[in-house]
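S.K.: In my numbering, the protein residues as written are 52 to 378.
(1) So, are the CB atoms of residue 61 and residue 133 less than 8 Å apart?
(2) Check whether the segment 192-206 touches the segment 230-238, taking contact to mean three or more Cβ pairs, one atom from each stretch, closer than 8 Å.
(3) Would you call the segment 167-179 and the segment 69-88 touching, i.e. three or more CB-CB distances under 8 Å?
(4) Are residue 326 and residue 366 closer than 8 Å when you measure CB to CB?
(5) Skipping 5 residues on each side, what residues in its chain have a beta carbon closer than 7 Å to that of residue 373?
(6) To the nearest whole angstrom, what separates the beta carbons of residue 238 and residue 263, a pair I think is in contact under 8 Å?
(7) Relative to the C-alpha of residue 221, which residue among 236, 249, 175 and 260 is closest?
(8) Look at the Cβ atom of residue 101, then the Cβ atom of residue 225, and state whether they are nearer than 8 Å.
(9) Mind checking residue 324: buried by the 16 CB within 10 Å criterion, or exposed?
(10) Let me make sure I understand the geometry here. Which of 359, 350 and 348 has the alpha-carbon closest to that of residue 335?
(11) Between residue 260 and the rest of its own chain, which residues show a CB-CB distance below 8 Å, the 5 nearest in sequence each way excluded?
(12) With distance defined between alpha-carbon atoms, name the residue in 162, 161, 283 and 298 nearest to residue 316.
(13) Skipping 5 residues on each side, what residues in its chain have a beta carbon closer than 6 Å to that of residue 205?
(14) Let me know if residue 368 comes out buried or exposed under the rule of 16 or more other beta-carbons within 10 Å of its beta-carbon.
(15) Where in the segment 137-200 do unbroken runs of the alpha helix (DSSP H), each at least 4 residues long, occur, reported from the N-terminal end onward?
(16) Quick one: residues in its chain with C-beta nearer than 7 Å to the C-beta of residue 117, no 5 flanking neighbours on either side, listed in chain order?
(17) Ignore the nearest five residues each way along the sequence and tell me which others in residue 172's own chain have a CB closer than 6 Å to its CB.
(18) Helix, strand or coil for residue 215? Go by DSSP, reduced to three states.
(19) Name, in chain order, the residues that DSSP records as bridge partners for residue 134.
(20) If you reduce the DSSP assignment to three classes, tell me which class residue 203 lands in.
(21) So what's residue 353 in DSSP terms, helix, strand or just coil?
(22) Are the Cβ atoms of residue 177 and residue 144 separated by less than 8 Å?
(23) Kindly indicate which residue of 92, 107 and 344 has the alpha-carbon position closest to the one of residue 150.
(24) In whole angstroms, what is the alpha-carbon distance linking residue 64 and residue 371?
(25) Would you give the residue range spanned by the alpha helix (DSSP H) that residue 63 belongs to?
(26) List the residues that DSSP assigns as beta-bridge partners of residue 91.
(27) Can you check which of these residues, 321, 364 and 299, is closest to residue 349 by C-alpha distance?
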């Protein structure tokens with residue numbers, strides 16, 4: 052027996068479902084049950100966009116036999132004369148995929164950089180699952196402007212759960228470009244500042260948990276290798292470096308009293324460099340207010356900035372190797 056077309060919910064085979072607010076079309080010719088939500092849409096639109104969906108919708112979807120019944124399954128489940136297909140996807144993801152395939156308006160796109168990135172992860176995954184390649188490409192293009200990669204300075208993670216979620220998703224979708232910065236965040240985060248229990252990190256396989264620990268040691272070793280001999284990092288006491296200012300500017304204190312900054316900040320700078328190298332390189336290269344240089348001439352200041360930008364860029368490019376992600 053059919054429910055009223057205007058009803059907000061329907062019952063199929065004894066199970067109650069909520070009609071999706073947008074994607075329930077009374078003249079639709081295919082019904083999907085997804086979690087506790089039901090969609091009624093048009094088969095032809097889905098088949099045109101998705102070869103996977105074309106296979107799903109051309110193969111009859113029989114009912115499962117009652118529990119304990121060893122007989123054959125029932126015939127195709129129908130409701131109001133329309134075939135019913137059950138999908139094992141999150142309803143939110145499927146609804147957003149339909150928003151892309153069956154947009155309600157041309158005035159504004161269903162997704163943008165303002166869409167919560169967690170929703171975009173779900174859309175990318177379901178678009179890949181059903182082979183809707185244009186939706187996947189559009190979603191990944193937006194995510195490239197939101198999620199940290201080795202090619203940008205984006206900062207979106209607010210705690211360990213975020214990069215762990217991205218790692219799990221990137222592996223499922225085969226999108227490795229997001230892995231290096233996710234592992235970098237987990238390696239350099241101050242875990243004590245977050246109310247996180249051990250089960251959070253245990254969401255990752257044991258190999259990734261070891262990868263984080265080994266990566267931390269490799270990261271610090273790499274930083275020491277490239278930075279320890281730099282004049283601003285060389286503890287020279289009250290003496291200038293042997294070569295002094297390349298411009299022979301007698302007023303330039305390059306390295307005098309320890310480093311390029313006040314001697315009492317040496318420990319802070321080195322600690323930040325070892326624990327948060329990319330962030331420290333960024334501060335040194337781009338934030339003169341955070342790290343003012345003491346009595347340094349223009350040429351030495353520019354050399355300092357250029358060198359720290361170069362070390363930051365090179366370190367980012369090596370994160371895949373540092374975390375053994377390229378194997």
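No residue lacks a Cβ here, since even glycine has one placed at the ideal position from N, Cα and C.
M.R.: Let me spell this out:
(1) Here residue 61 refers to the residue found at position 10 when the chain shown is read from its first residue. Here residue 133 refers to the residue found at position 82 when the chain shown is read from its first residue. For residue 61 and residue 133, no; Cβs fall outside 8 Å.
(2) yes
(3) no
(4) In the chain shown, the residue the question calls residue 326 occupies position 275. In the chain shown, the residue the question calls residue 366 occupies position 315. Taking 8 Å as the Cβ cut-off, residue 326 and residue 366 do not qualify as a contacting pair.
(5) Start at 1 with the first residue of the chain shown, and residue 373 comes out as number 322. If we look at residue 373 and ignore the five residues flanking it on each side, its Cβ neighbours are 266, 269, 270 and 273.
(6) Numbered from 1 along the chain shown, position 187 holds the residue referred to as residue 238. Numbered from 1 along the chain shown, position 212 holds the residue referred to as residue 263. About 5 Å; that satisfies the 8 Å criterion.
(7) Within the chain shown, numbered from 1, the residue matching residue 221 stands at position 170. Taking only the C-alpha atoms, the option nearest residue 221 is 175.
(8) As a position in the chain shown, residue 101 is number 50, starting the count at 1. As a position in the chain shown, residue 225 is number 174, starting the count at 1. No.
(9) For the purposes of this step, residue 324 is taken as residue 273 along the chain shown, with counting starting at 1. Buried, because 16 or more other Cβ atoms sit within 10 Å of the Cβ of residue 324.
(10) Residue numbering aside, residue 335 sits at position 284 when the chain shown is read from its first letter. The shortest Cα separation from residue 335 among 359, 350 and 348 belongs to 359.
(11) Indexing the chain shown from 1 puts residue 260 at position 209. The residues are 252 and 253.
(12) Against the chain shown, residue 316 aligns to sequence position 265. Comparing Cα positions, the closest option is 283.
(13) Position 154 of the chain shown, counting from 1, holds the residue named residue 205. The answer, listed in chain order, is 199.
(14) Along the chain shown, one-based indexing puts residue 368 at 317. Its Cβ having fewer than 16 others within 10 Å, residue 368 is exposed.
(15) 142-152, 168-180 and 184-194
(16) In the chain shown, counting from the first residue as 1, residue 117 sits at position 66. Reliability fails at residue 117, whose pLDDT of 49 lies under 50, so the model's placement of it is uncertain and the value that follows must be treated cautiously. No residues qualify anywhere along the chain.
(17) Numbered from its first residue, the chain shown carries residue 172 at position 121. Counting only Cβ-Cβ distances below 6 Å, and skipping sequence neighbours, we find 220.
(18) In the chain shown, residue 215 corresponds to position 164, counting from 1. Residue 215: helix per DSSP, three-state reduction.
(19) Translated into positions along the chain shown, residue 134 becomes position 83. Answer by DSSP bridge pairing, in chain order: 129.
(20) In the chain shown, counting from the first residue as 1, residue 203 sits at position 152. Coil, per DSSP.
(21) Within the chain shown, residue 353 is the residue found at index 302, counting from 1. The answer is helix: DSSP assigns residue 353 an H, G or I state.
(22) The count along the chain shown starts at 1 and reaches residue 177 at position 126. The count along the chain shown starts at 1 and reaches residue 144 at position 93. A contact, by the Cβ cut-off of 8 Å.
(23) Locating residue 150 in the chain shown gives position 99, where the first residue counts as 1. The option with the nearest alpha carbon to residue 150 is 92.
(24) For the purposes of this step, residue 64 is taken as the residue at position 13 of the chain shown. For the purposes of this step, residue 371 is taken as the residue at position 320 of the chain shown. Whole-angstrom Cα-Cα distance: 51 Å.
(25) Here residue 63 refers to the residue found at position 12 when the chain shown is read from its first residue. Premise fails: residue 63 lies in the beta strand (DSSP E), 60-63, not in any alpha helix (DSSP H).
(26) Taking the first residue of the chain shown as 1, we reach residue 91 at position 40. Paired residues: 75 and 82.
(27) Translated into positions along the chain shown, residue 349 becomes position 298. Nearest of 321, 364 and 299 to residue 349, Cα basis: 299.
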